[in-house]
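Student: Structure provided below as structure tokens; questions to follow.
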Amino acid sequence: MTQEAVPDGGPKRSVVRRRRPLTFDRVSFMVVFLGVPLAVFVIFVVSPFVQALWYSLTDWSGFSSGMNFVGLDNYVKLFHDDIFLKAVRNNVLLAIVVPIVTIVLSLTLATLVTIGGSGTGTVRGLKNAGFYRIVSFFPYVIPAIVIGLIWAQVFTPSSGILDAVLSKIGLSGFENYAWLGDARTAMPASMFVMIWGAVGFYMVLFIAAIRGIDPSVFEAARIDGAGRFRTAISLTVPLIRDNVQTAYVYLGIAALDAFVYMQALNPGGGPQNSTLVMPQQLFTTAFSKGQFGYSTAMGVVLAAVTMLFALVVFTVNALTGGRDQRKVKVRR
Amino acid sequence: MTTPNPLSRRLFLQRAAVGTLLATGGSTLLAACAAGGGDDKTGSNTGADKSADNPFGLADKATVEAIIFNGGYGYDYVQFAADIAQKKWAGSSFKVAPSTQIAQQLQPRFVGGNPPDLIDNSGANQIGFNTILDQLSPLDDIFEANNYEGTKIADTLYPGAKIPGTFDGKFIAMNYVLTLYGLWYSDSLFKENGWEPPKTYDDLLDLGAKAKAKGKYLFAWGKEAATYYHTMAVDGAIKEGGDEVRLALENLKENCWSMPQFQGIFAALEKMVKAGYFVPGGAGTQFTAAQAKWSNDQQAILYPSGSWIENEMKKATKAGFNMKGIPEPTLTANPKLPYESLRSAAGEPFIIPAKGKNVAGGKELLRAMLSKEAATNFAKTRLAPTIVKGLVPADGFGSTALQSQSAMLDAAGTNIFDYQVFGLYGMNTDQLVVWNSFLSGQADAAALTKGLQEITDKVRNDSSVKKIPVTK
Chain S
1 MTQEAVPDGG PKRSVVRRRR PLTFDRVSFM VVFLGVPLAV FVIFVVSPFV
51 QALWYSLTDW SGFSSGMNFV GLDNYVKLFH DDIFLKAVRN NVLLAIVVPI
101 VTIVLSLTLA TLVTIGGSGT GTVRGLKNAG FYRIVSFFPY VIPAIVIGLI
151 WAQVFTPSSG ILDAVLSKIG LSGFENYAWL GDARTAMPAS MFVMIWGAVG
201 FYMVLFIAAI RGIDPSVFEA ARIDGAGRFR TAISLTVPLI RDNVQTAYVY
251 LGIAALDAFV YMQALNPGGG PQNSTLVMPQ QLFTTAFSKG QFGYSTAMGV
301 VLAAVTMLFA LVVFTVNALT GGRDQRKVKV RR
Chain A
1 MTTPNPLSRR LFLQRAAVGT LLATGGSTLL AACAAGGGDD KTGSNTGADK
51 SADNPFGLAD KATVEAIIFN GGYGYDYVQF AADIAQKKWA GSSFKVAPST
101 QIAQQLQPRF VGGNPPDLID NSGANQIGFN TILDQLSPLD DIFEANNYEG
151 TKIADTLYPG AKIPGTFDGK FIAMNYVLTL YGLWYSDSLF KENGWEPPKT
201 YDDLLDLGAK AKAKGKYLFA WGKEAATYYH TMAVDGAIKE GGDEVRLALE
251 NLKENCWSMP QFQGIFAALE KMVKAGYFVP GGAGTQFTAA QAKWSNDQQA
301 ILYPSGSWIE NEMKKATKAG FNMKGIPEPT LTANPKLPYE SLRSAAGEPF
351 IIPAKGKNVA GGKELLRAML SKEAATNFAK TRLAPTIVKG LVPADGFGST
401 ALQSQSAMLD AAGTNIFDYQ VFGLYGMNTD QLVVWNSFLS GQADAAALTK
451 GLQEITDKVR NDSSVKKIPV TK
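Note that the protein sequences, when read in sequence, are chains S and A.
Going by full-length UniProt numbering, the first residue of the first sequence is number 1, and it counts up by one from there.
Going by full-length UniProt numbering, the first residue of the second sequence is number 1, and it counts up by one from there.
Take a look at the structure:
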């Protein structure tokens with residue numbers, strides 16, 4: 001392999017790149033390291049995609065092998081289906097709010113436990129930072145379905161902890177308040193649960209990123225008189241920009257899914273469908289209405305929205321100067 | 001030290017993100033990869049000859065596979081029947097397996113053409129009947145056969161046992177458990193307070209005021225079961241207006257929810273909601289927790305439900321509750337069908353896929369379930385009658401609810417009705433949303449009417465949904 005490295009590239013390369021004999025070694029190498037992964041990818045990723053696209057153009061019921069080609073009928077129906085459109089809007093709302101709030105919170109906590117500590121001596125986190133780190137990471141250890149069920153109990157009217165505490169401190173209006181049963185609060189309450197479950201993990205992610213920054217940068221900033229807030233905004237955030245972007249994409253995908261949380265909190269889609277998300281609607285359409293063709297079309301739309309979301313995040317990051325910042329980092 | 005190659009790291013992150021994205025998309029779509037080439041071979045019945053003792057031609061040493069919904073009734077009652085059949089057919093093996101995800105678990109098997117021999121297609125994840133109708137075996141010959149005691153099975157059943165399992169003229173689902181819908185209350189609590197069980201919506205309003213004076217609510221509801229009030233309202237309207245109302249619903253008629261029978265009932269319910277006769281917060285309460293507010297805490301004094309309620313709340317019922325049932329209330333004192341008439345139908349539909357390996361074996365297991373021994377076992381252990389009549393003693397195995405069920409059925413006589421429209425087209429999920437809003441006071445009767453009508457209209461106008469007209 002090293003022999004092939006041509007230091008100055010260019011025209012010489014074409015001379016070197018001639019056909020070499022296909023020895024057993026080379027063939028077996030290609031089969032194992034290229035063929036197998038490619039086959040796995042094609043069989044388990046590409047072919048379901050293609051199949052799904054095909055099913056979305058049929059009226060397949062899901063329980064028989066027969067189906068008719070119906071063209072784009074399913075998609076036309078989808079864009080006139082007020083309940084599905086409501087689910088799309090809910091998903092978009094989730095994909096905007098959940099990542100932003102989670103990132104702001106986890107970034108704040110990460111900053112506090114890494115560089116938010118005492119103003120003298122080396123740059124370090126708060127006292128007992130390790131303790132805070134463990135405590136905030138805790139929710140991430142619990143499976144999402146359990147988080148959903150626990151919070152569903154907390155939000156239960158009258159016997160749930162939340163209503164009990166609120167009425168104890170004198171807010172009698174909350175004695176029987178159905179947090180998940182009122183269209184005004186169901187969505188914010190559900191978002192809160194998702195954020196609660198995610199903050200710890202992203203905090204740890206950001207801590208690792210901040211640790212990767214040369215501490216002398218922070219010291220230099222402090223010597224120049226930058227406060228903690230200024231350091232966080234003008235130094236930390238630009239330097240871990242990539243991590244924030246990745247976190248945003250990951251969280252966005254989680255929010256576009258959200259199936260587990262929503263199914264645990266409000267299996268029926270919530271009051272006036274205010275917490276209904278696309279995967280839930282897809283699930284009902286497929287299994288209880290027996291319209292797999294139509295629900296596959298929903299799946300395709302969900303995949304398209306997800307990709308669109310990733311594209312928007314990358315574009316926004318690039319447009320707001322993601323590239324320039326990276327150059328600064330390289331120069332370091 | 002510098003980062004060796006920041007670009008590759010960036011690329012890595014991007015690819016990682018795209019990778020996840022593909023994975024997420026993929027998992028959503030994966031469900032669709034199941035439809036292989038299902039071959040159309042029919043069940044191979046290399047069975048024995050049919051005879052009076054072996055009416056379906058069960059082969060010697062056959063294997064029978066049954067998948068049973070494991071819900072409120074459990075699944076061991078089928079195991080009980082399987083044991084009886086096993087004894088009769090020494091050498092054969094009857095396997096009974098539970099499931100709570102009927103549709104999800106069996107969907108690939110239906111597509112692949114190798115479904116089990118017997119399925120209890122019930123529960124929240126049941127397979128919609130209109131999607132599998134043409135893949136099911138007709139069951140008429142079961143009722144024509146003799147049971148294990150030697151009597152023709154049809155003669156041992158309550159009348160109308162075939163009706164709930166008949167779609168488009170084909171009898172393809174045997175509903176095993178006799179269910180009736182009513183209003184349930186604690187007889188001891190009512191006696192203690194001198195309350196009369198209500199017969200009309202006016203009675204309900206009066207009772208609500210009396211309950212409130214005692215610091216109690218009239219009703220409770222849970223978010224997954226808000227449509228029990230839908231059932232109560234629909235049944236009341238059908239009793240009030242007769243077949244005209246029922247057929248309008250079944251055939252998804254335009255403006256069917258604006259019929260005066262519905263409007264009268266919705267208005268009365270709206271009054272109850274406004275007056276605070278419902279335990280607040282139901283839209284955020286899990287349904288069994290809500291039911292316990294009636295059966296255990298006695299915060300609410302009435303609950304509309306099917307007759308499975310006693311078994312369902314067995315462990316969360318106050319001692320000395322003395323549960324009793326009454327027919328659902330009517331709007332006026334002079335309804336078209338008498339007050340005593342009931343919505344009653346057998347539930348727990350058992351189906352036999354025509355492509356199963358052993359259709360005769362599935363039928364044989366159903367025959368065992370209809371034997372006196374198995375049916376008595378069910379009634380006794382589940383406190384609910386099966387479609388086999390005359391097996392519940394007068395003392396209802398010591399249950400007041402079961403006693404009142406027998407009394408209600410006797411009083412109703414032939415005035416029994418049923419409808420399938422909401423389950424057939426899978427409308428319950430959408431209706432729950434509307435009813436939760438209405439019962440929590442966020443929507444009025446007009447909004448309820450509009451919401452229900454939209455759900456009905458959506459099914460009617462969807463050309464991809466196969467409609468089954470109902471004429472009688």
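Glycine included, every Cβ here is placed at the ideal spot set by N, Cα and C.
Tell me whether the beta-carbon of Y261 of chain S lies closer than 8 Å to the beta-carbon of V316 of chain S.
Tutor: no
Student: With A248 of chain A and M259 of chain A assumed to form a contact (beta carbons below 8 Å), what rounded beta-carbon distance in angstroms separates them?
Tutor: 7 Å
Student: Just to confirm, are I387 of chain A and I172 of chain A a CB contact at a threshold of 8 Å?
Tutor: The beta carbons of I387 of chain A and I172 of chain A sit no closer together than 8 Å.
Student: Just to confirm my understanding: we take N377 of chain A, look at its own chain, exclude 5 residues before and 5 after, and list those with CB closer than 6 Å. What are they?
Tutor: In chain order, F80 place their CB closer than 6 Å to the CB of N377 of chain A, counting only its own chain and leaving out the 5 sequence neighbours on each side.
Student: Spell out the partners DSSP gives W308 of chain A in its beta bridges.
Tutor: DSSP output for W308 of chain A lists no bridge partner at all.
Student: Can you tell me whether S27 of chain A is buried or exposed? The criterion is at least 16 other CB atoms within 10 Å of its CB, across all chains shown.
Tutor: Reliability of the predicted coordinates at S27 of chain A is poor, the pLDDT of 40 falling under 50, and no value is obtained from them.
Student: Show which residues of chain A have a CB atom less than 7 Å away from the CB atom of N176 of chain S.
Tutor: Correct list: P280 and G281.
Student: Does the distance from the CB of E65 of chain A to the CB of K95 of chain A come in under 8 Å?
Tutor: yes
Student: Are the beta-carbon atoms belonging to P353 of chain A and N121 of chain A less than 8 Å from one another?
Tutor: no
Student: In chain A, what lies closer than 8 Å to F155 of chain S by C-beta?
Tutor: G284
Student: Name the residue from S:L282, S:L308, S:F314 and S:A286 whose alpha carbon lies nearest to the alpha carbon of P108 of chain A.
Tutor: S:A286
Student: Is A438 of chain A helix, strand or coil when you go by DSSP?
Tutor: Note on residue identity: the sequence assigns Phe, not Ala, to residue 438 of chain A. DSSP, reduced to helix, strand and coil, places F438 of chain A within a helical segment of the structure shown.
Student: Can you give me the Cβ contacts of P271 of chain S inside the same chain, cut-off strictly under 7 Å, excluding the 5 residues immediately before and after it?
Tutor: G181, D182, A183 and A186
Student: In chain order, what are the residue ranges of uninterrupted beta strand (DSSP E) at least 3 long that sit wholly in the segment 270-342 of chain A?
Tutor: 300-306 and 323-326
Student: So what does DSSP say about L311 of chain S, is it helix, strand or coil?
Tutor: helix
Student: Buried or exposed, going by whether 16 or more other CB atoms sit within 10 Å of the CB of M30 of chain S?
Tutor: exposed
Student: Leaving aside the five residues before and after G320 of chain A along the sequence, list all residues of the same chain whose C-beta is less than 8 Å from its C-beta, in chain order.
Tutor: S188
Student: Could you give the distance in angstroms between the alpha-carbon of residue 420 of chain S and the alpha-carbon of V42 of chain S?
Tutor: Nothing can be reported for residue 420 of chain S: it is not among the residues displayed for chain S, which extend from 1 to 332.
Student: What's the call for P37 of chain S, buried or exposed, on a 16-neighbour Cβ count within 10 Å?
Tutor: Burial call: exposed.
Student: Report the residue from S:T111, S:P188, S:W196 and S:R124 whose alpha carbon sits nearest the alpha carbon of I150 of chain S.
Tutor: S:W196
Student: Find out if the Cβ-Cβ distance for the pair M307 of chain S, N91 of chain S is shorter than 8 Å.
Tutor: no
Student: Among residues of its own chain, excluding the 5 on either side of D444 of chain A, which ones have a beta-carbon nearer than 7 Å to its beta-carbon?
Tutor: These residues qualify, in order along the chain: E270.
Student: By DSSP, does A34 of chain A sit in helix, in strand, or in coil?
Tutor: In this predicted model, A34 of chain A has a pLDDT of only 43, less than 50, meaning its place in the structure is not dependable enough to derive any value.
Student: Give the secondary structure of A173 of chain A by DSSP, where H, G and I count as helix, E and B as strand, and everything else as coil.
Tutor: Strand.
Student: Does the beta-carbon of D242 of chain S have 16 or more other beta-carbons within 10 angstroms, so that it is buried, or is it exposed?
Tutor: Residue environment analysis places D242 of chain S among the buried positions, since at least 16 neighbouring C-beta atoms fall within 10 angstroms of its C-beta.
Student: Comparing alpha-carbon positions, which option in S:L311, S:L319 and S:F292 lies nearest Q51 of chain S?
Tutor: Residue S:F292 is the option with its Cα nearest to Q51 of chain S.
Student: I think S295 of chain A touches A267 of chain A, with their Cβ atoms under 8 Å apart; what is that distance to the nearest whole Å?
Tutor: In this structure, S295 of chain A and A267 of chain A do not form a Cβ contact; the two beta carbons are roughly 29 Å apart against a cut-off of 8 Å.
Student: Relative to the alpha-carbon of R89 of chain S, which residue among S:F314, S:N273, S:F174 and S:F138 has its alpha-carbon at the smallest distance?
Tutor: S:N273
Student: At 7 Å on the CB atoms, spell out the chain A contacts of residue 333 of chain S, in chain order.
Tutor: Because residue 333 of chain S is not part of the residues shown, which for chain S are 1 to 332, the question remains open.
Student: Taking the runs of the beta strand (DSSP E) that are 3 residues or longer, which of them lie wholly in the segment 153-199 of chain A?
Tutor: 173-186
Student: From F287 of chain A to A225 of chain A, what does the alpha carbon distance come to, in whole angstroms?
Tutor: 6 Å
Student: Along the beta strand (DSSP E) that carries I169 of chain S, what are the first and last residues, could you check?
Tutor: Per DSSP, I169 of chain S belongs to no beta strand (DSSP E) and is neither H nor E.
Student: Taking the CB atoms as reference points, tell me whether L311 of chain S and G299 of chain S lie closer together than 8 Å.
Tutor: no
Student: Taking G426 of chain A as the query, report the chain S residues whose CB atoms sit under 7 Å from its CB, ordered along the chain.
Tutor: S288 and K289
Student: Measure the alpha-carbon distance for Q291 of chain A versus D49 of chain A and round it to whole angstroms.
Tutor: 52 Å
Student: L251 of chain S: which of S:L162, S:F309, S:T236 and S:G71 sits nearest, CA to CA?
Tutor: The candidate whose alpha carbon is nearest that of L251 of chain S is S:F309.
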